[in-house]
Each structure stands twice: as C-alpha cells, then as structure tokens.
Amino acid sequence: DVKVTQSSRYLVKRTGEKVFLECVQDMDHENMFWYRQDPGLGLRLIYFSYDVKMKEKGDIPEGYSVSREKKERFSLILESASTNQTSMYLCASSFRGPRSYEQYFGPGTRLTVT
Amino acid sequence: TQLLEQSPQFLSIQEGENLTVYCNSSSVFSSLQWYRQEPGEGPVLLVTVVTGGEVKKLKRLTFQFGDARKDSSLHITAAQPGDTGLYLCAGGETSYDKVIFGPGTSLSVIP
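Which chain is which? The protein sequence lines are H and R, in order.
Numbers in our numbering are just positions in the first sequence, counted from 1, shifted up by 214.
Numbers in our numbering are just positions in the second sequence, counted from 1, shifted up by 351.
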C-alpha cells in the first residue's frame, strides 16, 4: 500500500513564525504536491515537484516555498505565517506517466495561525 | 482553463437509499478519478475511469465515464453510514501531471 505521511496532524503557530511542514512517501513516486483545502474553495495547488530539486508553482504559491532534496521527501515552508494561512494542508504523490493523475494523499495537517 | 463542476453540493439521505452524484466539465479529460475524503483525513482514491462509456463497480459503488469523456457519475446503492464523506472528482490537465479537482459533494448518510 502507498503510504504518505505528514509530520504533524495539528499545528498551532503565531503570526510571523516560520513554519515547516514535511511530507514523506514510500512508493518511489516522482511527483509530489502540496495543496491547501478550505471550505467553499476546494483543493488548491500550492506547489508541485516532478523530480528532486525541481519545483513548479501551482495556483496559489504566494507566501510559500518548497524544498525537495530527496525523492521521498517534500517540504512546505511558510516563511512568515499569517492568519490567512490557517487551513488544512494536504500532501500528495503520484507516478509520472500514464498513471500520473492517480494521486495518493497524506492525512493532512490542520494549521492554525493566531 | 479546465474546470470540473459537481452536483449536488450537499446530500443528506437515510441509510438504505440509493443516490447518484455528478461531475461535469465542458472540457475533455484523458481520465477522471473519484476520491472519498472522510472528515479530518486526506482524500482516498476510489477509482480511475479512462475510456468513454466505461463503467466500473466497487462493491455498492458504480462509476461511469461519459461517452464524450467530459462527465462522470457515481451511483451508490443502499447507502450506509460508512459512505459518509466528501466525494471529489478529478481530471488530468495536459501538462506536468497536474490534476484539477472538483469542489466535491458532501454526503451524509443517516442511520
């Protein structure tokens, strides 16, 4: 079974703090993704990576950065957390090629910024 | 820009009833996926449909891909409380292996 794990299920941070969210997958997937999910707005892509050290901006990259130093690990960084970044953060991974659209998600991190 | 719409947005039914939820687009997709997300958890992939007109069954769940590959439906027979969750459809974009997600149908099955 594919396993995608995220470093925290719940996180509370203060405005202005630097926040690290980490995601690890064990299926040797090339692609990894970070989404945020908000009521009424659905899943929105923040960043994705299709290879080590490669990254592409998604639909809402402002205020975020990412790092992929190893194939199995993809980190999302909030440089200076703000209250409008309170959200559910979901990591996903997939193969490249014909099955690339089948994404496997982690359990999510519920981040609250106060 | 490819978009996916889902209907209904919310659905509350009694245990044992049948239901159908819909996923529609004006664009053609190479494939469509259906996911179920339980409260506080990440989405879980249920099925992928690839061929126009394709029908796939997963126990009490039946998935159909439209002939023109622009729409899909999910039919649940004899719904159970364990079916409660957010049902998301998703389709592949043409570049970079990105996926477009619909807004979801929130299903509540009352015992």
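Ideal Cβ positions, reconstructed from N, Cα and C, are used throughout, including at glycine.
- Message: Is it buried or exposed, D347 (chain R), if we count other Cβ atoms within 10 angstroms and call 16 or more buried?
- Response: Since the displayed chain R opens at 352 and closes at 462, residue 347 (chain R) lies outside it and no answer follows.
- Task: Please list, in chain order, all residues of the same chain as G230 (chain H) whose beta carbon is under 6 Å from its beta carbon, the five residues on each side excluded.
- Result: S294
- Closest by C-alpha distance to Y386 (chain R), when choosing among R:T428, R:F361, R:Q353 and R:F414: Looking at the Cα atoms, R:F414 is the closest of the given residues.
- P321 (chain H) versus chain R: which residues are under 7 Å apart at the beta carbon? Result: E392 and G393.
- State buried or exposed for Y278 (chain H), treating a residue as buried only when at least 16 other CB atoms are found within 10 Å of its CB. Around the beta carbon of Y278 (chain H), 16 or more other beta carbons sit within 10 angstroms, so the residue counts as buried.
- Item | Buried versus exposed, by CB contacts within 10 Å (16 or more), R411 (chain R) | exposed
- Message: Residues in the same chain with beta-carbon distance under 6 Å from S363 (chain R), minus the five sequence neighbours each way, listed in chain order, please.
- Response: S459
- In chain order, what residues of the same chain have a beta carbon less than 6 Å from the beta carbon of Q317 (chain H), not counting five sequence neighbours either side? A306 and S308
- What whole-angstrom Cβ distance do S457 (chain R) and Y373 (chain R) have, given they're in contact under 8 Å? Contact doesn't hold; Cβ gap of about 14 Å is too wide.
- Got a sec, what are the start and stop residues for the beta strand (DSSP E) G256 (chain H) sits in? G256 to S263
- Message: Per the DSSP calculation, R287 (chain H) is bridged to which residue(s)?
- Response: Answer by DSSP bridge pairing, in chain order: H:V238 and H:K284.
- Message: Suppose the cutoff is 7 Å on Cβ atoms and the five residues either side in sequence are ignored; what does the same chain contact list for V400 (chain R) look like?
- Response: S382, L383, K407, F414, F416 and S423
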